[in-house]
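Written below as structure tokens is the structure these notes are about.
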Amino acid sequence: MYEINFEFSDPAFFFNVLIITLAIVQIGNERSNGSLEYTLSLPFSRQSIFLFKWLVGFGVIFISCLISFGLSALIITNTDIYSDNFISYFTYLIEALLLFYTLTLSAGAITGSAFAQGLVALTVAILPFLLFGLYTVQLEAITGPSVLYSNEKFYEVISKMTPLTYVFFKNNFLISKDYITPIIEILLFFAFGLYIFVKQPFERNGSFFIWKPFERPVQMIVILLGILGFSSFGYLSSEDNSMIGYFIGAAIGAFIGFIVSYFVIYKKKK
0 MYEINFEFSD PAFFFNVLII TLAIVQIGNE RSNGSLEYTL SLPFSRQSIF
50 LFKWLVGFGV IFISCLISFG LSALIITNTD IYSDNFISYF TYLIEALLLF
100 YTLTLSAGAI TGSAFAQGLV ALTVAILPFL LFGLYTVQLE AITGPSVLYS
150 NEKFYEVISK MTPLTYVFFK NNFLISKDYI TPIIEILLFF AFGLYIFVKQ
200 PFERNGSFFI WKPFERPVQM IVILLGILGF SSFGYLSSED NSMIGYFIGA
250 AIGAFIGFIV SYFVIYKKKK
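0 is the number of the first residue of the sequence shown in numbering that gives the first Met the number 0; add one for each residue after it.
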């Protein structure tokens, strides 16, 4: 008898690439070629248009997962195969795909191009885990070894807050509380994206952010992340974790963060 443990199945990366591409086509690509302006000129409210786009993505996710679920169930039922975490896996799969789709669609509401939409979505997807890693290294550099490294509970909380971790499907699908965090994040991203989409200006299409007030704070964040990231790398890669490497890395990170943020955020895409 064959056994399939769905807890360790990992097709989610391929599915997420497809669903992220759909979200970018729906807003970022339409904004770049001008068709989004035509769509918004139709006799429908912006709220209805955003909701319809989201429902299209939800429908694609739900129907494709339903077909996959039905075919898999049919194969398992008619063959000598034992499956573990079958229903839990597909429930979790729908949540994870919907989370990434909603995140990417909402990123499109604040960005002016397909490239910017994808970059913002990827950054937000990894941001909690990135901040946690940088914080622990900075804390170690200043005060010594951090207890956060060995705090499994804190690490688990950060992992659940990071959308990117849901790509790999290594969680315990049988614990009902694992479904709560993705649902909360979906609702938050949807509400944010809907509000921004309704209020968005169009004279800045092609800019990284269509909301100009976002540019300076985001540039400061990019520079800060550059400082923290390169100083952490300099500290960890130097001999005996030297503070010299820490400060050299911080200087390099500040320079690179400024250059990258300037050319990415302030240079309008034609």
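We put the CB at the ideal spot given by N, CA and C, even for glycine.
1. Quick one: grab the DSSP three-state call for T112.
2. In the DSSP assignment, find the unbroken alpha helix (DSSP H) run with I243 in it and report its ends.
3. Going by other Cβ atoms of all chains shown within 10 Å of its Cβ, with 16 needed for buried, is Y1 buried or exposed?
4. Just list the alpha helix (DSSP H) runs in the region 23 to 97, keeping only unbroken ones of 4 residues or longer that don't cross its boundaries, in chain order.
5. Rounded to the nearest angstrom, what separates L187 and L98 at their Cα positions?
6. As a quick exercise: from A120, F131 and F13, pick the residue whose alpha carbon is nearest that of G153.
7. In three-state DSSP terms, what is F213?
8. Between the C-alpha atoms of N170 and I185, what's the straight-line distance to the nearest angstrom?
9. For T103, tell me which candidate among G228, I243, F85 and N28 has the shortest Cα-Cα distance.
10. Cα separation between T135 and T142?
11. Considering Cα atoms alone, identify which of T76, I195, A115 and G225 is closest to I276.
12. For V259, collect the residues of the same chain with a Cβ closer than 6 Å to its Cβ; drop the 5 residues on either side in sequence, then sort them by chain order.
13. Taking the continuous alpha helix (DSSP H) assigned at V197, which residues delimit it?
14. In whole angstroms, what is the alpha-carbon distance linking F229 and L133?
15. Helix, strand or coil, according to DSSP, for T101 in the structure here?
16. Let me make sure I understand the geometry here. Which of T110, G256, G58 and L65 has the alpha-carbon closest to that of T90?
17. For R45, tell me which candidate among K198, A113, T161 and A106 has the shortest Cα-Cα distance.
18. Could you pull out every residue in the same chain whose Cβ sits closer than 7 Å to the Cβ of I60, ignoring the five residues on either side in sequence?
19. Nearest to F191 by CA position, among A108, A250, G248 and P212, is which residue?
20. Put T161 into one of helix, strand or coil per three-state DSSP.
21. Whose C-beta lies closer than 8 Å to the C-beta of S67 among residues of the same chain, with five residues either side of it excluded?
With the given structure in hand:
1. Note on identity: in this sequence residue 112 is Ser, with Thr being the wrong assignment. In this structure, DSSP gives S112 a state outside helix and strand, which the three-state scheme calls coil.
2. Its alpha helix (DSSP H) spans residues M242 to S260.
3. Annotation note: pLDDT 45 at Y1 (below 50); position unreliable, coordinate value reported separately. So Y1 counts as exposed.
4. List check, alpha helix (DSSP H) in window: 29 to 32, 34 to 40 and 45 to 77.
5. Spanning the two alpha carbons is a distance of roughly 10 Å.
6. It is worth fixing the name first, because residue 153 is Phe in this sequence and not Gly. Comparing C-alpha distances from F153 to each of A120, F131 and F13 shows the shortest one belongs to F131.
7. Reduced to three states, the DSSP call for F213 is helix.
8. Unreliable placement is indicated for N170, whose pLDDT of 48 sits below 50; the coordinate value is still reported in the next sentence. Their backbone Cα atoms lie some 18 Å apart in a straight line.
9. Looking from the CA of T103, the closest CA among G228, I243, F85 and N28 belongs to N28.
10. T135 and T142: Cα-Cα distance of roughly 10 Å.
11. Residue 276 cannot be examined here, being either before or after the span of the chain that is shown, 0 to 269.
12. Counting only Cβ-Cβ distances below 6 Å, and skipping sequence neighbours, we find nothing.
13. That run of the alpha helix (DSSP H) goes I179 to K198.
14. It is roughly 10 Å from the alpha-carbon of F229 to the alpha-carbon of L133.
15. In the structure shown, the three-state DSSP call for T101 is helix.
16. Restricting attention to T110, G256, G58 and L65, the CA atom closest to the CA of T90 is found in L65.
17. For the residues K198, A113, T161 and A106, the minimum Cα distance to R45 belongs to K198.
18. Closer than 7 Å at the Cβ level, and outside the excluded window around I60, lie I18, I93, L96, L97 and Y100.
19. That would be A108, whose Cα lies nearest to the Cα of F191.
20. Residue state, collapsed to three classes: coil.
21. If the five residues before and after S67 are omitted, its C-beta is found closer than 8 Å to the C-beta atoms of F89, all from its own chain and listed in chain order.
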